[in-house]
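Colleague:
Protein chains in written order, with the numbering used here: chain V, 2 to 584; chain L, -9 to 196.
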């Protein structure tokens, strides 16, 4: 058996492979993305990016329905989008095994909130497995398929940043040969009309109790003995690692692998053997509340925060164990927030929007960084697609502001859920201007293909949605395409479309500067003879430009030669992009 | 006993590759290993950190304040930012390159002066050198990560061949030669920084 170092996400993908999974449909989202990317590397697995998580889950269900083991992956907020099928798939159950992979992001490394996905398992009455490292990510993925088929239910595999994005040792095994499950027409099971669903609900409740019984004896939840019974810890996921890191084998630990449903007898038994029961869990007190319903009063959220990520230090501090921090740099250090990359095609648009003091409804993606100084271009960012729908509501009640307000949304986000908002604009007729920032890729999550790129997840040529045609067919008559590297023209088009008395879409089209196939003219140099140090070029917030001895200085390792700064410079100290020159 | 290494820098500098190579190396030595990364938004030019932990049994995937045996910093300001994570007898290896963060570029904040000296005055064991120039010497500023690994190699008993093998297994074939060269330059610089001239000469002679 060969051992390798794998990300939790890669290990989950390996689990899919070994368990004979044949179908994967997902929408990318940090920290879940790599499960699907790694799954796509196996020739035996069909894997695709769906336009959004709801479509992904329904597609995976369709494949399960047809008799193949299937998977869909998403981040925590993606599960909100897919919540609709989730709750009813709990009722229909599955044909072949179906896993829903969801990755939480406590601490919000790359998210707009830190909701706790465990609530979804409880609310939808679906079992949820929670691995604590890479080895378990693989193992639990395989168990999830078995549970799914044995108990006729979708199963949620819950990851979090420190499991998904931590590499640990995994032992590789061969792929199981799994027989397809025969497709048999079964209207009572799969057609969720009220009459059928009413009969299904009690089955769902019974299923939970059967699963609870399974959880008591299956070994999925394990007790690790300690040398002292002063404390006993109930914990799961990455928190298990922090407890073990601090206390080793000193106190007994009940490690929960199946977070829903929780094993009542195992918990009561464990609690009866320790003097003080402690629950350690990130975000909400889910295990703790369950203990409370069992009449236990564990130490939990009274000692541990429900905010952010935990660590060994947080666990240690809760027990009065203080650690030395020998070195602290005394000066206040400048922060290093993320910024739009040098050459990012979004920069020019945000410069124009900021410069003209336009109200901007933002969305989810790299371009959220347009909110950062010095561009300060955004007024709101909520969730995928909210820019377009929010703009519509805003303009309906404040029509006097409509000619100074836009929505900005990326190509992938527009496909995900912006298009429905645009349909609302067309149908209910708000005088709205939507700018689609089309950089021909899903950028923030690390360059995933999407329906507008013409390439699929496996890297093969694929269908390609034409944004212009799509917008026109919805009923938007004014559709303009601009090159965001050309500031002057872009600005004129934005002015024209804001002035127009009907809805318009501006497609700002330039591929992401980091894409490997994008050719750049190469770094420029500042002509220090001409530079007067006016800092006009600094207004675009390019990380490649700084002031050295009162002159603009270009960092050649970052600059790609996009030429946007040259358009700021009135002294001709910064060259224009060659193509832009010819216009 | 678990050992803790932190790799810190600026998004885009190649910290992930450095941690991947280290992880591979510890795995071949039959250690338990965990390597923790952060993906997503912070990679866009933000301050980034990767944790590498190895030992008989590694539980936590992260390194906390006061716990790092070695911090490898790809940039000077980041060395100052993360020095709180260093153990009392820990070692801080830093590239002396400066990359201005956005608040410095926009003039809201100033890049601190003499960071290396200030760190040394605090009593931190600093091994600082210009890894960028060495990386450019082999043909790409992107090799800063491997130059730094070359320096780091002095803190472990692995053979040069074992390091080369780990690098080979983690980079694309056409970049192998360049990266091995970068590693060697970093390792050579390490002899100078660590004042191991004697070792260097004996190594060259043998």
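Heads up, the beta-carbon is just placed ideally off N, CA and C, and yes, glycines get one too.
Taking the alpha-carbon of residue 105 of chain V as reference, which of V:147, V:521, V:263, V:163 has the nearest alpha-carbon?
Modeller: Position 104 of the first chain holds residue 105 of chain V. Closest by alpha carbon: V:163.
Colleague: Taking a cut of 8 Å between CB atoms, which residues from the stretch 52 to 72 of chain L lie near chain V?
Modeller: Cβ contacts with chain V: 52, 54, 55, 56, 57, 67, 68, 70, 71.
Colleague: How long is the line joining the alpha carbons of residue 234 of chain V and residue 9 of chain V, rounded to whole angstroms?
Modeller: By one-based count along the first chain, residue 234 of chain V stands at place 233. By one-based count along the first chain, residue 9 of chain V stands at place 8. The straight-line gap from Cα to Cα measures roughly 24 Å.
Colleague: Could you tell me whether the Cβ of residue 195 of chain L comes closer than 8 Å to any Cβ of chain V?
Modeller: Along the second chain, read from residue 1 onward, the residue named residue 195 of chain L stands at position 205. Reliability of the predicted coordinates at residue 195 of chain L is poor, the pLDDT of 46 falling under 50, and the value obtained from them is presented with this limitation in mind. So no, residue 195 of chain L is outside the interface.
Colleague: Kindly say whether residue 37 of chain V, judged by its beta-carbon, lies nearer than 8 Å to any beta-carbon of chain L.
Modeller: Walking along the first chain from the start, residue 37 of chain V turns up at place 36. Answer no: the Cβ-Cβ gap between residue 37 of chain V and chain L never drops below 8 Å.
Colleague: Specify the secondary structure class of residue 583 of chain V as computed by DSSP and reduced to three states.
Modeller: Here residue 583 of chain V refers to the residue found at position 582 when the first chain is read from its first residue. Because residue 583 of chain V carries a pLDDT of 41, less than 50, the predicted location of this residue cannot be relied on, and no value is offered for it.
Colleague: Check distances from the C-beta atoms of the stretch 100 to 113 of chain L to those of chain V and list, in chain order, the residues that come in under 9 Å.
Modeller: So the list reads 100, 101, 102, 105, 108, 109, 112, 113, given in the order they occur along the chain.
Colleague: I'd like to know whether the C-beta of residue 168 of chain L is nearer than 8 Å to at least one C-beta of chain V.
Modeller: Residue 168 of chain L sits at position 178 when you count from the first residue of the second chain. With 8 Å as the cut-off, residue 168 of chain L does not count as an interface residue toward chain V.
Colleague: Cβ closer than 7 Å: which chain V residues qualify as neighbours of residue 27 of chain L?
Modeller: Taking the second chain and counting its residues from 1, one reaches residue 27 of chain L at position 37. The answer, in chain order, is 166.
Colleague: At the level of alpha carbons, what is the spacing between residue 398 of chain V and residue 537 of chain V?
Modeller: Numbered from 1 along the first chain, position 397 holds the residue referred to as residue 398 of chain V. Numbered from 1 along the first chain, position 536 holds the residue referred to as residue 537 of chain V. Whole-angstrom Cα-Cα distance: 37 Å.
Colleague: Of all the CB atoms in chain V, is at least one closer than 8 Å to the CB of residue 0 of chain L?
Modeller: Counting from one through the second chain, the residue named residue 0 of chain L turns up at place 10. By this cut-off, residue 0 of chain L is an interface position.
Colleague: Are residue 347 of chain V and residue 368 of chain V close, meaning C-beta to C-beta below 8 Å?
Modeller: Start at 1 with the first residue of the first chain, and residue 347 of chain V comes out as number 346. Start at 1 with the first residue of the first chain, and residue 368 of chain V comes out as number 367. Against a cut-off of 8 Å, the Cβ pair of residue 368 of chain V and residue 347 of chain V comes out as a contact.
Colleague: Among V:70, V:62, V:5, which has the Cα closest to the Cα of residue 22 of chain V?
Modeller: Residue 22 of chain V sits at position 21 when you count from the first residue of the first chain. Among V:70, V:62, V:5, the Cα nearest to that of residue 22 of chain V is on V:70.
Colleague: Hey, quick one: how far does the beta strand (DSSP E) through residue 47 of chain V stretch, first residue to last?
Modeller: Counted from its first residue, the first chain places residue 47 of chain V at position 46. 47 to 50 is the extent of the beta strand (DSSP E) around residue 47 of chain V.
Colleague: Since residue 258 of chain V and residue 131 of chain V are thought to touch, with beta carbons under 8 Å apart, how far apart are those beta carbons, to the nearest angstrom?
Modeller: The residue given as residue 258 of chain V occupies position 257 in the first chain. The residue given as residue 131 of chain V occupies position 130 in the first chain. The pair is a contact, with the Cβ atoms about 7 Å apart (cut-off 8 Å).
Colleague: Residue 34 of chain L and residue 80 of chain L - do their beta-carbons sit closer together than 8 Å?
Modeller: Along the second chain, read from residue 1 onward, the residue named residue 80 of chain L stands at position 90. Along the second chain, read from residue 1 onward, the residue named residue 34 of chain L stands at position 44. No. Outside cutoff.
Colleague: Less than 6 Å between C-beta atoms, sequence neighbours within five positions excluded: which residues of the same chain meet that for residue 108 of chain V?
Modeller: Mapped onto the first chain, residue 108 of chain V falls at position 107. Answer for residue 108 of chain V: 309, 310, listed in chain order.
Colleague: Under DSSP, the alpha helix (DSSP H) around residue 245 of chain V begins and ends at which residues?
Modeller: Stepping through the first chain from its first residue, residue 245 of chain V is reached at position 244. It spans 238 to 248 - the alpha helix (DSSP H) in which residue 245 of chain V sits, taken as one unbroken run.
Colleague: For residue 213 of chain V and residue 144 of chain V, what's the separation of their Cα atoms in angstroms?
Modeller: Sequence index remark: in the first chain, residue 213 of chain V carries index 212 (1-based). Sequence index remark: in the first chain, residue 144 of chain V carries index 143 (1-based). Cα-Cα distance, rounded: 15 Å.
Colleague: Can you tell me where the alpha helix (DSSP H) holding residue 157 of chain V begins and where it ends?
Modeller: Within the first chain, numbered from 1, the residue matching residue 157 of chain V stands at position 156. Here residue 157 of chain V belongs to no alpha helix (DSSP H); instead the beta strand (DSSP E) covers 156 to 161.
Colleague: Alpha carbon to alpha carbon, how far is residue 97 of chain V from residue 152 of chain V? Give it in angstroms, no decimals.
Modeller: Translated into positions along the first chain, residue 152 of chain V becomes position 151. Translated into positions along the first chain, residue 97 of chain V becomes position 96. Approximately 11 Å, taken between the alpha carbons.
Colleague: For a contact defined as C-beta to C-beta under 8 Å, what are the partners of residue 4 of chain V on chain L?
Modeller: Here residue 4 of chain V refers to the residue found at position 3 when the first chain is read from its first residue. Ordered by position in chain L, the residues that pass the 8 Å Cβ test against residue 4 of chain V are 17.
Colleague: For residue 159 of chain L, go through chain V and note every residue whose CB falls closer than 9 Å to its CB, in chain order.
Modeller: The residue you call residue 159 of chain L lines up with position 169 of the second chain. What residue 159 of chain L touches in chain V: nothing, since even the nearest Cβ is about 10 Å away.
Colleague: Would you say residue 44 of chain L lies against chain V (beta-carbon separation less than 8 Å)?
Modeller: Taking the first residue of the second chain as position 1, residue 44 of chain L is located at position 54. By this cut-off, residue 44 of chain L is not an interface position.
Colleague: Taking CB distances under 8 Å as the criterion, tell me whether residue 187 of chain L reaches chain V.
Modeller: In the second chain, residue 187 of chain L corresponds to position 197, counting from 1. Note that residue 187 of chain L scores a pLDDT of 49, beneath 50, so its modelled location is shaky; the value from the coordinates is reported in the next line. So no, residue 187 of chain L is outside the interface.
Colleague: List the residues of chain L that residue 201 of chain V touches, going by C-beta distances under 7 Å, in chain order.
Modeller: Position 200 of the first chain holds residue 201 of chain V. Chain L residues near residue 201 of chain V: none, gap ~39 Å exceeds 7 Å.
Colleague: Less than 8 Å between the C-beta atoms of residue 70 of chain L and residue 105 of chain L, yes or no?
Modeller: One-based indexing of the second chain puts residue 70 of chain L at position 80. One-based indexing of the second chain puts residue 105 of chain L at position 115. Cβ atoms of residue 70 of chain L and residue 105 of chain L: closer than 8 Å.
Colleague: For residue 511 of chain V, tell me which candidate among V:501, V:486, V:494 has the shortest Cα-Cα distance.
Modeller: Within the first chain, numbered from 1, the residue matching residue 511 of chain V stands at position 510. When only C-alpha atoms are compared, the closest one is V:486.
Colleague: What whole-angstrom Cβ distance do residue 386 of chain V and residue 444 of chain V have, given they're in contact under 8 Å?
Modeller: The residue you call residue 386 of chain V lines up with position 385 of the first chain. The residue you call residue 444 of chain V lines up with position 443 of the first chain. That belief does not hold up - the Cβ atoms of residue 386 of chain V and residue 444 of chain V are roughly 17 Å apart, past 8 Å.
Colleague: Identify, in the order they occur along the chain, each residue of the same chain with its Cβ nearer than 7 Å to the Cβ of residue 498 of chain V, setting aside the five sequence neighbours on each side.
Modeller: Here residue 498 of chain V is taken as the residue at index 497 of the first chain, counted from 1. Here the set comprises 434, 479, 481, 505, 507.
Colleague: Could you run through the stretch 111 to 145 of chain L and flag, in chain order, every residue whose CB is less than 7 Å away from some CB of chain B?
Modeller: The question asks about chain B, but that chain is absent: this structure's protein chains are V and L.
Colleague: Between the stretch 306 to 337 of chain V and chain L, which residues of the former have CB atoms less than 7 Å from a CB of the latter, in chain order?
Modeller: Listed in sequence order: 312, 313, 314, 324, 325, 326, 327, 328, 329, 330, 332, 334, 335, 336, 337.
Colleague: Relative to the C-alpha of residue 406 of chain V, which residue among V:136, V:363, V:453, V:446 is closest?
Modeller: As a first step, residue 406 of chain V must be located in the first chain, where it is residue number 405. It is V:363 whose Cα lies nearest to the Cα of residue 406 of chain V.
Colleague: On the three-state DSSP scale, how would you describe residue 232 of chain V?
Modeller: Your numbering for residue 232 of chain V matches position 231 in the first chain. DSSP places residue 232 of chain V in strand when its eight states are reduced to three.
Colleague: What did DSSP end up calling residue 196 of chain L once you bin it into helix, strand or coil?
Modeller: Here residue 196 of chain L is taken as the residue at index 206 of the second chain, counted from 1. In this predicted model, residue 196 of chain L has a pLDDT of only 41, less than 50, meaning its place in the structure is not dependable enough to derive any value.
Colleague: For residue 313 of chain V, name the three-state secondary structure that DSSP assigns.
Modeller: The residue given as residue 313 of chain V occupies position 312 in the first chain. Three-state result, residue 313 of chain V: helix.
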